[in-house]
Every structure is written in C-alpha cells, then in structure tokens.
Amino acid sequence: MFSSNLLALTSLLAVAVQATPLDESWLQPRDSPVHALFSKRAPSPDDPNFASNYPAAGSTPGSDKLPQAWIDKLNSINLPNVSVSNPNNGYPTYADGETPSDQHICSFTYECVTDDDLHDAPSGIFALSFDDGPSNVSPDLYAFLATNNISTAATHFMIGGNILYDPKGMQAAVNAGGHIAVHTWSHQYTTTLSNEGVLGELGWTMQIISDLNGGRIPRYWRPPYGDVDNRVRAIAKQVFGLETVVWNTDSADWAIGGDPSYTHDGVVSQVNQWLTGSKDKGLVLLEHESKQTTVDVFKAIFPSIISNGWTIKNVADAFSMDWYVNSGKTNTEAITTMSVGSGPNTLAVTNSSSSQSSASASASASVSGSITSAAVSASTTSAGAAQSSGTGVNTAANAAQSSNPASSASQKAIPGYIVAGLGLFAALLF
Ligand SMILES: [Zn+2]
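For reference, each letter of the sequence shown is one residue, going -19 to -1, 1 to 411 in mature numbering (1 follows the signal peptide of the UniProt record, and there is no 0).
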C-alpha cells in the first residue's frame, strides 16, 4: 500500500505543475512525490471497518504504525539539534538548561516565532479558524457559517482521532466548502514527542484527511497548545511540506467553563476590544469548535467582525496560498502533479546527482522573492510583543491553557537550516 521507492523520485526533476482530472480510482498522479508518502485509497465512512485503516484514536501512533516511506523521508533530512523537551506542566524545558526562546529552539510557548510561521495576517484580514473538530457542536457551527455565507472562509484544524470517530463530521465541513487542516492525531504537546512520534501525529492526520477529501494532501497544521519548536517545525515542513500556523491573538474561548475568571461575556468583550482596534496588523484568532461555549463566542463576536470592517478569510486565503499541497483553492479543484526539485534539505532522495543539486539550488533561489511576500511574515518582534502585552492574549490566556510563561523574549528567529525561499518550494513537493 505504501511505496518506499523514493529513489524513483530522482528521475522526476523539474516536472512542470500540471492539472489532471480527479481520478477516484487513483487519487494521486502516479508520478507525484506525494505518492511515496501517502497511500491512495478512499475507505468509505460507511464501512464498519473504516477505523481499521488507521491507528487507534487518543494516543500517538506507535512506531510500528509508521509507513516506511515516512521513516525513509525522516532519515533523509537534516534536523536541527534540538532535544525532545520535558513537558514540565506545559512549560517545556530542554536539555542542558537551554532557553526555549533562543533562536535555535524557538518555542512558540515562549512566544518565539520564525519567518516561516503563519502568525500575523495581512492588514485588515481576519483569518478565521476553528481547532479541535470535528465534535458534537460542529454541526451547529457549520449551520451558523452557512447562514452567514462564510463556510468557505473558515479553516478547520482537525484532530485525526476525532475524524476517526466522526468521519462524516469532517466531510460535512468539506461539503460546505470549508478548508481542512491538521491539528495532529491525538493532541499532544508535540515538542515532548520523539521524531517518530511527531511523524505519526502529523502523517496519520494528513492521511485520513486526504482519504476523506479526494486525495487532497493538507498543507497547514497548528500545534496543539501552540507547542512547537524548530525540531518539530522541521519534521512538519521537510517531511510533509506542512506550513506551521500559530496565532497572534487568543480568544480564550477554551477557558470558559474551566477557569472561573473567563466567562462568555468577558471573553466576548475582550475580543470586541481587539476588533475595534487597529487593523494595521491582521488577526489570526485562536478559536475552537470543541464545546458549545466556544461556538457561542464566535456567534457573539461575528457581528463585530463585520461591523468593524474586517475581511474574513480562511488561513490559506488570508496568506494568498493554495489550500492543499496538491490542489488549489477549494475542495473540488483538480489534484496537480508536483514539481520536483528542491534545496538541500527537502528532497526525499539522498542519491541526487550534482547536476540535480545545482538545478535545485537555482530553483530555490528563484522563488525566494515570492516566499517573502507570500508568507507575509509581518510578525516583527516589537509588533508581536506589543500585541501580546497590550492585549494580554499570549500571556494570561495561554498561561491558563498551556502554562505559557509570559516571557518577555519574543524573537523572530530564522532557523539556519531553513534556506530562504525553501518553504514555498518545499510545499510544492510534499
Ligand atoms: Zn487544540
């Protein structure tokens, strides 16, 4: 079912992107690099054995559940020298007392973001997303989105295990035109997981989403609790081509019903204050489709989003990027053949020729300008810090959710292992 013959990719240098009609019997073009990482199949949610196609929900898939192609790809890349963190009640700590906000670790829990992170939306844009679905309150949310004609303007960061329980819940979002993205298989603190653990959490969620959406491979993921560092970013990007999406404002909707200092009215009031503020920097607001209280917060703030002149877009559209690795904008566009060729740490193959390396280098260089504008990396240190301290979003709220220390350090770190411009190109690959 899984091809491990990654060496076949060596012959696919610089294949042009080419639209092909959706073929339900073979959901990816046979020569696509994605073929090597994900099986082509479409198990029916009506099949009583649907769940048997996947690892169990609720825990990190074991190493015995990892397709060899994923392991081979992982072994072919260079990871930054960042150790597995210790959970420490949501304050991840690292070996030798290293500082998590240092650029070589760049933990978002400690408010470090990289140029590649999708963090601040463009001016005037409200990037709409909901985490933790599908759940029993998703139908209520989807009905509200449909009533207000914004079903296609929402990104749903879904948990693979939740999809396993409720595949038709995910398909409801797809059929409504929503954008589907990855929120891991079992919602762990990803920096505490081994490389193989991260592989399983991301890969299996991508597989089940792909299976239920015509073979479209997700392009975006959001780390649970915002817990991500450069090791996890590298696995997400270099193995799977995933863009890491965090947030610049936390609605704290998740805290209602848990922390008594967070009430519906209080959360809505705080969000409304942000909505009436400056639109110079767009919003990437953390919201959830996990409980009725979280859905009710969105229903309450929606009129203010409109009345204050924000433009609502899903995460991909907010950053003017395609929705999926191998398809365009919507859940119905044709799946495309991948371009092949990359910078040094991206391509699956390890036996690439010198001519390929040369061609790859120039190809990466040619897109370096576009990635700068496409990624809209407006997450400057001062702006990010100002928003955090001015609004309290990344301090009190995160402290309650993930014990996020209100670190004063907020760097825009550029990991040395990520070649400038590689991001967009890598996303075209896997
Ligand atoms: Zn979550």
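Note that beta-carbon positions come from the ideal geometry of N, C-alpha and C, so glycine has one too. Quantities reported herein were computed from a predicted structural model and do not represent experimental measurements.
Residues that Tyr201 bridges to, as DSSP identifies them: Glu224
Verify the contact flag: Asp234, CB atom, against every heavy atom of ligand 1, threshold strictly below 6 Å. no
Would you mind reading off the limits of the beta strand (DSSP E) that contains Ala162? 160 to 163
Measuring CA to CA, which of Ala50, Val296, Pro68 is closest to Asp101? Val296
Simplified DSSP state of Ser250, which is helix, strand or coil: helix
Which residue's Cα is closest to the Cα of Asn156: His137, Gly142, Thr165? His137
Check for me: the beta strand (DSSP E) holding Thr90 runs from which residue to which? Where Thr90 is concerned, there is no enclosing beta strand (DSSP E), given that its DSSP letter is neither H nor E.
Ligand 1 heavy atom lying under 6 Å from the CB of Asp101: no
Please state the DSSP three-state secondary structure of Val265. strand
Quick one: what does DSSP say Asp45 is sitting in, helix, strand or coil? helix
Measure the beta-carbon distance from Asn229 to Val252 and round it to whole angstroms, keeping in mind my assumption that it falls under 8 Å. Asn229 to Val252, Cβ: 13 Å. No contact.
Rounded separation between Asn30 and Ala23 - CA only: 13 Å
Name the one or two DSSP bridge partners that Met139 has. Gly114, Val163
For Ser167 and His269, what's the separation of their Cα atoms in angstroms? 16 Å
Is there at least one non-hydrogen atom of ligand 1 closer than 6 Å to the beta-carbon of Pro205? yes
For Ser64, which residues from the same chain have a beta carbon less than 6 Å from its beta carbon, with the 5 sequence-adjacent residues on both sides left out? Tyr75, Ala76
Please confirm whether any heavy atom of ligand 1 lies closer than 6 Å to the CB of Asp112. yes
In the structure shown, what three-state DSSP assignment does Val94 receive? strand
Can you have a look at Lys21 and say buried or exposed, based on whether 16 or more other CB atoms are within 10 angstroms of its CB? buried
Taking buried to mean at least 16 other C-beta atoms within 10 Å of its own C-beta, is Lys218 buried or exposed? buried
If we ignore side chains and look at the alpha-carbon of each, how far apart do Ile52 and Lys46 end up? 11 Å
Just curious, the alpha helix (DSSP H) that Ile216 is in, first and last residue? Run containing Ile216: none; DSSP gives neither H nor E here.
Top-ranked residue by Cα proximity to Gln273, from Asp113, Gln188, Ser285: Asp113
By Cβ distance, which residues of its chain are closer than 6 Å to Met158, with the 5 residues on each side in sequence left out? Correcting the residue type first, residue 158 is Gly in the shown sequence and not Met. These residues qualify, in order along the chain: Ser132, Thr133.
Does any residue of chain C bring its CB to less than 7 Å from the CB of Pro61? No chain C is part of this structure, which consists of one protein chain only.
Which value, in whole angstroms, describes the spacing of the CA atoms of Val374 and Tyr146? No answer about Val374 holds up, because its pLDDT of 29 lies below 50 and its placement is not dependable.
Where does Ala108 fall in DSSP's three states? strand
Can you check which of these residues, Asp208, Met139, Gly238, Pro199, is closest to Gln220 by C-alpha distance? For clarity, residue 220 is Val in the given sequence; the question names Gln instead. For the residues Asp208, Met139, Gly238, Pro199, the minimum Cα distance to Val220 belongs to Pro199.
Near Asp192, which residues of its chain fall below 8 Å by C-beta distance, leaving aside the five closest residues on each side in sequence? Arg22, Ala23, Pro24, Asn34
Minimum C-alpha distance to Thr95 - residue among Ile287, Val227, Leu126: Val227
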